[in-house]
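Residue numbers (our numbering): -3 to 238.
In structure tokens form, the structure reads like this:
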């Protein structure tokens, strides 16, 4: 099967995942509760396992073994660079890689503006790169699912976005910390003061005992908080790679 056919299947899988997330996001439980269904996030579409994401139209399916060795930063970087080359936008560059025991995460930014373009996941076993579910798909006004930027049709022609965000970076930090403080399973967690702006939202590192442990996102227009519950345990992260 050609790379084009493989790529089409990845985007279709992402579309299926995004549609499920859209249905869930419409629920007042997500909008008001401290995480998915009012408790500790987890379980949506099967969740990640040590073979990778077990839902999303088969991403991670068919893996019988249980890998015990996390991705290396070099492996993740190589996979994302190949993804960017295939994506075909010379203005997009890799900024940061985070390694978790369930796979890898990467932040891709625009070279000319420094603004985040997209967040992607790297499969633990296959090294396949796919768009991250959640805010990256649903809140990204330029490259996300609701624009023309991320999906298989016309993905080299992103939307212009929805205008300047009304939530400031400082407000995003405050909203994120308030979310953690009122959420029972997140007691003791803190957010970094530094935020990574994307089109339509911010992503922030979550700290446990002063060290990076996970991340969450804050909508740049509504202030809604979305915890990235699918990563697993944090292993390491790269220096900025721009």
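We put the CB at the ideal spot given by N, CA and C, even for glycine.
Assign residue 185 to one of three DSSP states: helix, strand, or coil. Reduced to three states, the DSSP call for residue 185 is coil.
Who are the Cβ neighbours of residue 149 in its own chain at under 7 Å, not counting the five residues just before and after it? With a pLDDT of only 32 at residue 149, under the threshold of 50, the placement of this residue in the model should not be trusted, and no figure is reported.
Rank 179, 126, 128 and 113 by C-alpha distance to the C-alpha of residue 137 and give the top, closest one. With distances taken between Cα atoms, residue 137 lies closest to 113.
Tell me, please, whether the CB atom of residue 160 is closer than 8 Å to any CB atom in chain C? Absence of chain C from the displayed structure is noted, only one protein chain being present.
Tell me which residues share the same chain as residue 171 and place their Cβ nearer than 8 Å to its Cβ, disregarding the 5 neighbours each side in the sequence. Cβ neighbours of residue 171 beyond the five flanking positions: 163, 214, 219 and 221.
Could you check what DSSP says for residue 165 in three-state terms: helix, strand or coil? Residue 165 falls in the helix class under three-state DSSP.
So who's on the other strand from residue 210, going by DSSP bridges? Answer is 202, bridged to residue 210.
Would you call residue 226 buried or exposed, if buried means 16 or more other Cβ atoms sit within 10 Å of its Cβ? Buried is the call here.
Beta strand (DSSP E) runs contained entirely in the region 82 to 111, provided each spans 3 or more residues: 88 to 96 and 99 to 106, all fully within the region 82 to 111.
With 16 other CB atoms within 10 Å as the buried threshold, where does residue 159 fall? Residue 159 is exposed by the Cβ-count criterion.
Can you grab the Cα-Cα spacing for the pair residue 69 / residue 117, in whole Å? Computed Cα separation, rounded: 13 Å.
To the nearest angstrom, how far is it from the Cα of residue 194 to the Cα of residue 235? Roughly 19 Å separates the two Cα atoms.
Extract the residue ranges of the alpha helix (DSSP H) inside the region 112 to 144, only unbroken runs of 4 or more that lie entirely within it. Entirely contained in the region 112 to 144, the alpha helix (DSSP H) runs reaching 4 residues are, in chain order, 131 to 134.
Between residue 103 and residue 92, what straight-line distance do the alpha-carbon atoms span, to the nearest angstrom? Rounded to the nearest whole angstrom, the CA to CA distance from residue 103 to residue 92 is 5 Å.
Using the three-state DSSP reduction, which class does residue 71 fall into: helix, strand or coil? When DSSP states are grouped into helix, strand and coil, residue 71 belongs to the helix group.
If we count the other Cβ atoms within 10 Å of its Cβ and call it buried at 16 or more, is residue 232 buried or exposed? So residue 232 counts as exposed.
Bounding residues of the beta strand (DSSP E) (the contiguous stretch that carries residue 223): Counting along the chain, residue 223 sits inside the beta strand (DSSP E) bounded by residues 221 to 223.
Boundaries of the beta strand (DSSP E) in which residue 190 is found, first to last residue: Per DSSP, residue 190 belongs to no beta strand (DSSP E) and is neither H nor E.
Same chain only: Cβ atoms within 7 Å of residue 123, ignoring 5 sequence neighbours per side: If the five residues before and after residue 123 are omitted, its C-beta is found closer than 7 Å to the C-beta atoms of 71 and 75, all from its own chain and listed in chain order.
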